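Residue numbers (our numbering), protein chains in the order written: chain A, 1 to 293; chain B, 1 to 340; chain C, 1 to 279.
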């Protein structure tokens, strides 16, 4: 018997549509979806949405209050804050994307292999995740960035290094429930190697819950990235990263409130959006909840 | 006999696990320290030192030895309580940290009181009114606290409540005017000012503490609320709740005496863990409020690359976390009759 | 016949969001006797018990009459119900593993009933509790008083439950499957204790069960419920003269020692029984 490719594309697509309808029916998660759509559109069309060049300084026009052709005012170097926020959306999206690319596979590989193989390997891997989990993520990221040197890329690496253990834990727990399943035993009897079983049979099963968990973690990732930027350990000036914008605006905050207010609102909106979306996803995918509605 | 034996074995096993975790922690901080771009020798001898002196210090620090030997040396130092000297202050790192810790603990303790005081009632309310408007309201309120960048909220709060309304004190632990007036006995300003009978300093300290503590508390209440809600929901669905109602207890009495009574132990463990996570928020909030605590010590050393100080700070946070985990585990065993 | 304790006429219960009534047009009266309600799971028998105590927050309960002694149960406010529950009417739940609070001492839980309804000191409540524990044949009440539910056996747990529910001397006790969670060996023991107390104190008992044999041995009268409706009311002694095909089916499905060694009859369930008028 050969594993014939089953046409199952419609299944996931249908499920995705159902989940989407569910999320849009609940106002809170609908808000999350809308904000994230705005974020993606803004990042994608930044050159067309921004009213000014985010890097061009205008020293005759510094610390302008909102209005007068500058929707959110100007900063201490006369740059348009709205345009910087719009370009900053690209940085935020980059962080989200790169962290997911680092964290997802590491967590998935560590979790599934240690869950499937068990024994010594599992014990050692779980000890290692324990060690990583015994720090608050910001503190560990701080330490990594300090070691690697402050920059946006290093901040992303540091966040990636600290964000994988919960994913690994989750993937391991999922794997443990599949490991004993009959179809895995069948694959083993056919002589499939552990590698093949993990990649072909276990990883696809773990993928949905890992993706949900990644969404839920994104709020934390964004806050950590902003925090690093704020401490001067993330994106460096003149990059329009939101946390770094707040850090430079801090000196002027008492007289020019708009320097810190708008970037902060942007961070708050995006992280709230991820939290609300994650919350909604959890409800949408919890069968117990579905039946009750 | 055999039960005692088993208990001893599990205790030994747990001690082993902790030892391994601690060793891993040390390895991690050692690796981070080694990766640091700052040259530890240059940091000690200064820019103008001659190559001979540089070489001498280089050998003194054992940097010519293999990595594992350096690690063993680090391990030995740490075990004997030697965490190295801070380059910035020139004092032993551990002394510095002990000096700044009370400020952070004062802040964190107030924050956790506010966080638990807010989160527990909200969580109970949400659970009791599951899927009705109070539940939704609590959910949004706590997710909001969980989503805000605390350094930003801190600034906005300073703009509004300090600069705008003048309700609270601004940065620091007390007004500039009082600095140095209270003898440093315990390091806890609230206690020191009371001991020396300087009540105006005490008032000023409270005035400065209230804003950062409230913000930290609010952000930690999100976690406490969510856990309280889910613990309560577990209990509310139990059959013994019906028993209590059959006995003639009102709904409120069953909720507080039975359901809430049964989650108290779990709540204590959750609050202990939340206390640890406050350290994370403290790093940011202390920077905003110029709070002379652990968080500020860590960040200011990070920026100048003071290796010993950073490694020790990270190590201490890890140890605090492990200790709190252990403590919550212990509390659970002590106070839940089912684990006996 | 003496004045009945409980009169129920045309009781209907519908859970919120459900398309049909869970209980439809149930009527019965209860004197100082032991009434059994028998039916399979989902027949609405437990729902009736909870409706009498007004412990169905997610359901709409209607009846032409629901008179408990001098009280109209449907007309009482929640505040007044608090004085009825535990004091005048109580209920023994199915499984002591779940129905006792796992982290409170047994004695404390039993005494709570008494302290709730009588203004007495803790010491008096304790004396009363110990007496009651002894009355349910717990040999060492002082010791059991200070134990936690997980430290006692199921049979003892159910005796504690009985003590708790009879402590305030109610007039009516509803026993909802009181022995189904217990080992077969202790079932009889627990039932005998309950039966003795109910008889001695002249308490009305409603025993809800799926076990026809048990009910027929411990009750005076039996209601047979099917799909939310009472299909037949019988004297426990004249059970064999049942008219309704459903009851006969239930009886036929009982194995008997010494009976014929053929496969047992399969229970017949016909849709028209759902619609047939009760009685």
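For glycine and all other residues, C-beta sits at the position ideal for the given N, C-alpha and C.
On a predicted model such as this, the values are computed, not experimentally measured, just so you know.
Check whether the Cβ of residue i lies closer than 8 Å to any Cβ atom in chain B.
{"i": "residue 81 of chain A", "result": "no"}
{"i": "residue 69 of chain C", "result": "no"}
{"i": "residue 103 of chain C", "result": "yes"}
{"i": "residue 164 of chain C", "result": "yes"}
{"i": "residue 261 of chain A", "result": "yes"}
{"i": "residue 113 of chain C", "result": "yes"}
{"i": "residue 254 of chain A", "result": "yes"}
Answer yes or no: does any C-beta atom of chain C fall closer than 8 Å to that of residue i?
{"i": "residue 247 of chain B", "result": "yes"}
{"i": "residue 243 of chain B", "result": "yes"}
{"i": "residue 333 of chain B", "result": "no"}
{"i": "residue 10 of chain B", "result": "no"}
Between the C-alpha atoms of residue i and residue j, what's the straight-line distance to the nearest angstrom?
{"i": "residue 155 of chain C", "j": "residue 187 of chain C", "result": "8 Å"}
{"i": "residue 53 of chain B", "j": "residue 45 of chain B", "result": "8 Å"}
{"i": "residue 292 of chain A", "j": "residue 20 of chain C", "result": "Note that residue 292 of chain A scores 35 on pLDDT, short of 50, meaning its location in the model is unreliable; the coordinates nonetheless yield the value given after this. Taking the straight line joining both Cα atoms gives about 17 Å."}
{"i": "residue 23 of chain C", "j": "residue 247 of chain C", "result": "18 Å"}
{"i": "residue 74 of chain A", "j": "residue 251 of chain A", "result": "14 Å"}
{"i": "residue 179 of chain B", "j": "residue 254 of chain A", "result": "24 Å"}
{"i": "residue 25 of chain C", "j": "residue 44 of chain C", "result": "12 Å"}
{"i": "residue 241 of chain C", "j": "residue 177 of chain C", "result": "25 Å"}
{"i": "residue 207 of chain B", "j": "residue 188 of chain B", "result": "15 Å"}
{"i": "residue 99 of chain A", "j": "residue 18 of chain A", "result": "27 Å"}
{"i": "residue 111 of chain B", "j": "residue 265 of chain B", "result": "20 Å"}
{"i": "residue 42 of chain B", "j": "residue 90 of chain B", "result": "15 Å"}
{"i": "residue 66 of chain C", "j": "residue 6 of chain C", "result": "7 Å"}
{"i": "residue 42 of chain C", "j": "residue 229 of chain C", "result": "11 Å"}
{"i": "residue 154 of chain B", "j": "residue 142 of chain A", "result": "20 Å"}
{"i": "residue 124 of chain B", "j": "residue 80 of chain C", "result": "26 Å"}
{"i": "residue 299 of chain B", "j": "residue 36 of chain A", "result": "32 Å"}
{"i": "residue 203 of chain A", "j": "residue 223 of chain A", "result": "29 Å"}
Contact check, residue i vs residue j under 8 Å by CB: the rounded distance?
{"i": "residue 228 of chain B", "j": "residue 120 of chain B", "result": "5 Å"}
{"i": "residue 31 of chain C", "j": "residue 204 of chain C", "result": "7 Å"}
{"i": "residue 232 of chain B", "j": "residue 201 of chain B", "result": "Actually they are not in contact, since the Cβ atoms of residue 232 of chain B and residue 201 of chain B sit about 42 Å apart, beyond 8 Å."}
Does the beta-carbon of residue i have 16 or more other beta-carbons within 10 angstroms, so that it is buried, or is it exposed?
{"i": "residue 221 of chain C", "result": "buried"}
{"i": "residue 123 of chain A", "result": "exposed"}
{"i": "residue 70 of chain A", "result": "buried"}
{"i": "residue 325 of chain B", "result": "buried"}
{"i": "residue 161 of chain C", "result": "buried"}
{"i": "residue 196 of chain A", "result": "exposed"}
{"i": "residue 176 of chain B", "result": "exposed"}
{"i": "residue 7 of chain A", "result": "Interpretation of residue 7 of chain A is limited by its pLDDT of 49, a score under 50 that renders its predicted location unreliable; no figure is taken from the coordinates."}
{"i": "residue 27 of chain A", "result": "exposed"}
{"i": "residue 51 of chain A", "result": "exposed"}
{"i": "residue 229 of chain A", "result": "buried"}
{"i": "residue 299 of chain A", "result": "Shown here, chain A extends from 1 to 293; a query on residue 299 of chain A therefore has no answer."}
{"i": "residue 215 of chain A", "result": "buried"}
{"i": "residue 62 of chain C", "result": "exposed"}
{"i": "residue 235 of chain B", "result": "buried"}
{"i": "residue 114 of chain A", "result": "buried"}
{"i": "residue 269 of chain C", "result": "exposed"}
{"i": "residue 183 of chain A", "result": "exposed"}
{"i": "residue 247 of chain A", "result": "buried"}
I'd like to know if residue i contacts chain A, where contact means its C-beta is closer than 8 Å to some C-beta of that chain.
{"i": "residue 111 of chain B", "result": "no"}
{"i": "residue 328 of chain B", "result": "no"}
{"i": "residue 32 of chain B", "result": "yes"}
{"i": "residue 49 of chain B", "result": "no"}
{"i": "residue 184 of chain B", "result": "no"}
{"i": "residue 152 of chain B", "result": "yes"}
{"i": "residue 258 of chain B", "result": "no"}
{"i": "residue 321 of chain B", "result": "yes"}
Between the Cα of residue i and the Cα atoms of the options, which residue gives the shortest distance?
{"i": "residue 78 of chain B", "options": "B:88, B:66, B:87 and B:93", "result": "B:93"}
{"i": "residue 32 of chain B", "options": "B:272, B:335, B:334 and B:306", "result": "B:306"}
{"i": "residue 267 of chain A", "options": "B:285, B:56, B:147 and B:23", "result": "B:147"}
{"i": "residue 322 of chain A", "options": "A:35, A:138 and A:80", "result": "The first residue shown for chain A is 1 and the last is 293, placing residue 322 of chain A beyond what the model contains."}
{"i": "residue 91 of chain C", "options": "B:69, B:166, B:145 and B:247", "result": "B:247"}
Is residue i near the ligand GDP, going by C-beta to nearest heavy atom under 7 Å?
{"i": "residue 222 of chain C", "result": "Only the bare structure without any ligand can be found here, which leaves the ligand GDP out of the picture."}
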